[in-house]
Structures are given as C-alpha cells and as structure tokens.
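For reference, the structure is listed below as structure tokens.
Residue numbers (full-length UniProt numbering): 1 to 478.
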C-alpha cells in the first residue's frame with residue numbers, strides 16, 4: 001500500500017488473454033435525456049443491447065470475407081476489367097456521396113468524442129493534476145468525476161462497487177445515468193456505439209474497389225473485418241481504451257500508422273497499470289450509555305443507602321434507652337435493621353432503555369486500484385492488440401511495395417534496346433494483320449520481352465489501384 005497516490009507499472013497482470021470473458025456486466029446504455037450529459041437523440045435500450053450481440057459482427061465478417069474471396073477470383077478471371085455499371089454517372093455520384101457522407105459523419109463523431117474527452121480527461125490535464133488523476137480519468141469510465149469516486153464492476157462479488165461514501169449507485173445497483181465527468185456517460189456510450197455500427201457500412205469501400213474490377217487486398221479485407229470485431233468487443237465490454245480508436249479514427253484517416261502504434265501501446269499499458277487512490281475507510285466508535293438514565297439510577301441507589309443507614313442508627317438508640325431503664329432483656333430483642341433491597345421509590349418510572357450507540361468515523365487510506373476491472377475489458381483490449389499487430393505489418397508491406405520498391409534506383413528497369421525490340425515486334429505483328437508479312441530474327445524473344453513489359457505495366461496499375469483504393473477509404477480505419 002503506497003503512502004501517497006502514485007501510478008504503478010508491473011511486468012505481470014491478472015488480466016491475461018481469455019477466449020471467453022465474463023458476460024457480466026452488461027453494457028450500460030447512454031444517459032437518459034434528463035441528464036446533463038444527454039446525447040443528441042435517444043437510442044432505444046432494447047435496440048442498443050440487441051445489436052451488441054456477438055452474432056451480428058461474426059455473421060457479417062464471415063459473409064464479407066467469403067464474398068470478397070469469391071469476387072476477387074471472378075475479377076481475376078475477367079482480367080480485372082471494370083464492371084459496366086462502375087463506368088456510369090450514377091456510380092460516380094454514388095462514390096462521391098459515399099465519401100462525403102463518411103467525411104461528415106467522421107467530423108460529427110470526432111466533435112462528440114472530443115467534447116467527451118474534454119469533460120472527463122480535460123480537467124486533470126488542464127488543472128495540471130498528477131499522473132494518478134490522469135490515469136484514473138482514462139481507466140475508470142463510470143461514476144462521477146474525482147479521484148476515488150469511480151464505480152467499477154467487481155467480478156468476485158458479481159456487482160458494481162464504489163470506494164467513496166459520497167458515490168451512490170442507482171436503484172438497480174448500476175452506475176447512475178446522471179453521473180457526469182467520466183467517459184462513458186459523457187459520450188463514449190453513445191458515439192462509440194454508432195461508431196461500431198459504422199464499421200458495417202464501411203465495407204462499401206471494398207464493394208467500390210471490386211466494382212472497378214480491382215482486387216481487394218489482404219490489407220483492406222483484414223482491416224474491415226477486424227474493425228467490426230474490435231469495435232464490437234470494445235463497446236460490448238466497455239473497455240476504456242476504445243475511446244482512443246473512436247477519437248483518432250474519426251479525426252483523420254491519414255494517421256493510420258500513428259493511430260495503430262499509439263492506440264496499441266496505450267491499450268496494452270492498461271493491462272499492466274494500477275494506481276493508488278485515497279479511500280475513506282469507515283470505522284465505528286462505541287458511544288457511552290444514556291447519561292440521564294445512569295444519573296437517575298445512581299440517585300435511587302444513594303437514597304436507599306441513606307434510608308438503611310438511618311434505620312440502623314435508630315435501633316442502636318433503642319437498645320441504649322432500654323438498658324438505661326433497667327430492661328436489658330428487652331434491649332437484646334431489638335434486631336439490627338436488615339439491608340434494604342434497592343427498590344424503586346413510589347411513583348418512580350425508569351427512563352426507557354437505550355441501545356448501544358455506535359458512531360461511524362472515516363480515516364483516509366491509500367488503496368491500490370488496477371486500471372481494469374473485468375475480464376471483459378481485458379478481452380476487448382487483447383483482441384484489438386492482436387488485430388492491430390498484423391495490420392501494422394500489412395501497412396508497412398503495402399507502403400514498401402507501393403512507394404519504396406517501385407521508386408528504388410536499384411529496381412530492375414527495361415532497357416531502351418529491349419523496348420525497341422518489343423516495339424518492332426508489335427509493328428511486325430500489325431503488318432501481318434494488314435496483309436504485309438514481316439519477319440524479325442528475334443520475334444520470339446521480342447514477344448517475350450513485350451509480354452514482360454506488359455506484365456510490368458499491369459503490376460504498376462494494380463499497385464496504383466491499391467493506392468487509390470486506400471485513399472478512397474475515408475473513415476474506414478479502426
């Protein structure tokens with residue numbers, strides 16, 4: 001236990017990758033309209049929970065991957081020629097509308113998430129508070145703001161718990177929907193859920209590429225499939241780092257590598273981070289019994305003792321008087337006064353018996369709190385990390401193939417002599433078709449080189465097509 005609040009990093013963690021996390025707690029819906037952090041519009045809770053079922057992303061991903069694989073083969077068999085409808089004006093306007101819609105939506109999502117981060121994480125940064133307050137604001141996303149005021153789910157007891165006596169749960173035992181100052185209620189519950197649904201729509205990027213006769217690369221197919229699963233896990237299990245993906249992705253699509261590296265490092269750091277917070281620990285003090293009752297009973301006891309003492313003194317005087325009168329026998333018959341029992345005086349009513357009174361006091365102690373609270377949060381983080389690692393590798397490979405290898409000065413080039421032979425062979429073939437037989441000593445070789453040149457040109461077109469496809473995929477990166 002630390003003496004002062006501090007951030008602790010460990011090489012081990014209790015939250016290791018798990019295939020089946022705990023289903024509890026269920027995802028909390030966005031705040032009600034009555035809350036000060038109410039979203040722009042209300043999402044029915046039944047719809048909110050239904051679409052977070054694992055059946056939806058898994059089914060869509062399987063259909064998406066299977067369809068892309070089949071259409072890639074069909075396009076290859078057609079020589080990667082564009083489909084006729086992709087050359088129409090209607091298709092062009094559809095592509096423009098698609099990209100404009102994604103751009104507007106991304107800006108709207110970024111504005112909402114930036115506002116949520118400003119209200120929840122901003123105070124800790126703006127007021128120059130310590131690292132503990134900053135980590136607390138990004139690790140604990142439920143409950144009111146303030147270090148140690150968060151609400152978290154305790155899997156060992158199967159219930160939501162709070163560590164501060166000032167924090168109150170709702171009547172149903174969950175964090176209150178009126179709490180403000182933490183990420184979930186401030187916007188992540190609302191914008192994050194819609195952002196998760198937008199990943200299903202973004203497969204239209206792939207449909208556009210396939211309609212143009214191009215091949216959907218492994219990078220694009222893997223990215224869209226993984227984005228659906230990753231966003232589902234982050235929102236379903238309310239994993240704190242998922243806000244980073246919503247914020248960065250909706251901000252700018254060209255920051256793909258930055259988002260992947262920063263997002264992955266931040267997400268994995270949550271698994272191995274804990275910090276200490278000041279906790280008000282209650283303890284009880286036994287209060288003294290009712291003083292008025294004790295005073296009354298003492299007065300009665302004193303009165304009885306005084307009466308007994310006076311009776312004994314009177315019997316002593318009787319004995320002396322009888323002896324002086326010459327009646328010693330009668331004097332011996334005078335018995336001493338027996339001690340009187342402590343009887344209550346006539347009309348005495350004892351005050352009502354008061355139970356023991358315990359007073360509750362609080363003392364401040366510093367308790368170590370892990371950044372994560374549930375196995376579901378850890379599952380969502382590990383799932384996204386495992387998804388982002390190969391995605392980063394695919395981006396690097398795509399960048400090298402598209403830009404570095406094609407512009408490298410050491411790359412193999414076709415010499416002018418070979419190009420001249422290829423051109424001569426093409427002219428000879430054209431002459432034969434026009435009824436003018438033409439021969440060339442190196443026909444076979446020239447045709448081979450011409451074929452190679454055509455192949456090289458096709459590869460360049462393919463890579464350019466991939467580059468164009470990636471540039472058009474606005475707002476489609478998790």
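Glycine included, C-beta positions come from ideal geometry on N, C-alpha and C.
The structure displayed is predicted, hence computed values, not measured ones.
Cut-off 8 Å between Cβ atoms - residues of its own chain near residue i, not counting five sequence neighbours on either side
i           : result
residue 206 : 64, 68, 216, 220, 221, 224
residue 277 : 5, 132, 136, 147, 148, 163, 366, 367, 369
residue 100 : none
residue 268 : 381, 385
residue 48  : 27, 29, 30, 193
residue 91  : 85, 211
Same chain, Cβ closer than 7 Å to residue i, neighbours up to 5 away in sequence not counted
i           : result
residue 196 : 231, 232, 235
residue 135 : 7, 273, 275, 371
residue 167 : 143, 144, 149, 151
residue 115 : 187
residue 433 : Any reading at residue 433 is ruled out, since the residue's pLDDT is 44, under 50, leaving its predicted position unreliable.
residue 60  : 200, 228
residue 159 : 173
residue 125 : 134
residue 498 : This structure leaves residue 498 out entirely; the chain is present only between 1 and 478.
Neighbourhood of residue i by C-beta, 6 Å cutoff - its chain only, sequence neighbours within 5 removed
i           : result
residue 199 : 227, 228, 231
residue 365 : 279, 281
residue 176 : 170
residue 492 : The structure shown does not extend to residue 492, since the chain spans only 1 to 478, so no value can be given for it.
residue 82  : 212, 213
residue 472 : Residue confidence for residue 472 is low, a pLDDT of 40 falling below 50, so the modelled location carries little weight and cannot support an answer.
residue 387 : 226, 230
residue 11  : none
residue 119 : 186
Span separating the alpha-carbon of residue i from that of residue j
i           : j           : result
residue 161 : residue 213 : 56 Å
residue 251 : residue 194 : 15 Å
residue 241 : residue 359 : 42 Å
residue 171 : residue 184 : 19 Å
residue 23  : residue 45  : 18 Å
residue 368 : residue 377 : 18 Å
residue 9   : residue 73  : 49 Å
residue 173 : residue 154 : 12 Å
residue 144 : residue 62  : 40 Å
residue 138 : residue 121 : 7 Å
residue 391 : residue 384 : 10 Å
residue 191 : residue 113 : 7 Å
residue 361 : residue 54  : 47 Å
residue 189 : residue 26  : 13 Å
residue 50  : residue 400 : 42 Å
residue 374 : residue 70  : 40 Å
residue 141 : residue 165 : 18 Å
residue 389 : residue 239 : 19 Å
residue 85  : residue 77  : 18 Å
residue 87  : residue 19  : 46 Å
residue 123 : residue 66  : 47 Å
residue 80  : residue 52  : 37 Å
residue 397 : residue 89  : 35 Å
residue 393 : residue 13  : 26 Å
residue 93  : residue 130 : 52 Å
Proximity test, residue i beta-carbon vs the ligand MG heavy atom, cut-off 7 Å
i           : result
residue 285 : Although the ligand MG was asked about, the structure shown includes no ligands whatsoever.
Cβ-Cβ separation, residue j to residue i (assumed contact under 8 Å), whole Å
i           : j           : result
residue 237 : residue 363 : About 35 Å separates the two Cβ atoms, so there is no contact after all.
residue 249 : residue 381 : The pair is not a contact, with the Cβ atoms about 16 Å apart (cut-off 8 Å).
residue 496 : residue 132 : There is simply no residue 496 to check, as the chain begins at 1 and stops at 478 in what is shown.
residue 203 : residue 98  : Wrong, their Cβ atoms sit about 11 Å apart, outside the cutoff.
residue 379 : residue 57  : Rounded, the Cβ-Cβ distance is 14 Å, inconsistent with contact.
residue 75  : residue 210 : 6 Å
residue 208 : residue 117 : Residue 208 to residue 117, Cβ: 32 Å. No contact.
Chain C contact for residue i (CB, 8 Å cutoff)
i          : result
residue 78 : Reference to chain C is not applicable here, since this structure consists of a single protein chain.
Sufficient close CB pairs (3 or more, under 8 Å) joining the segment 163-180 to the segment 98-109
no
With three or more C-beta pairs closer than 8 Å as the rule, is the segment 25-32 touching the segment 41-55?
Yes, since at least three Cβ pairs between the segment 41-55 and the segment 25-32 fall closer than 8 Å, the two stretches touch.
At what residue ranges does the segment 17-105 contain a whole run of the alpha helix (DSSP H), taking only runs of 4 or more?
45-50, 55-77
Could you name each continuous beta strand (DSSP E) segment of 3 residues or more that falls completely within the segment 112-175, going from the start of the chain to the end?
151-154, 159-162
For a minimum of 4 consecutive residues, which ranges assigned as the alpha helix (DSSP H) are wholly contained in the segment 183-243?
189-201, 204-211, 218-236
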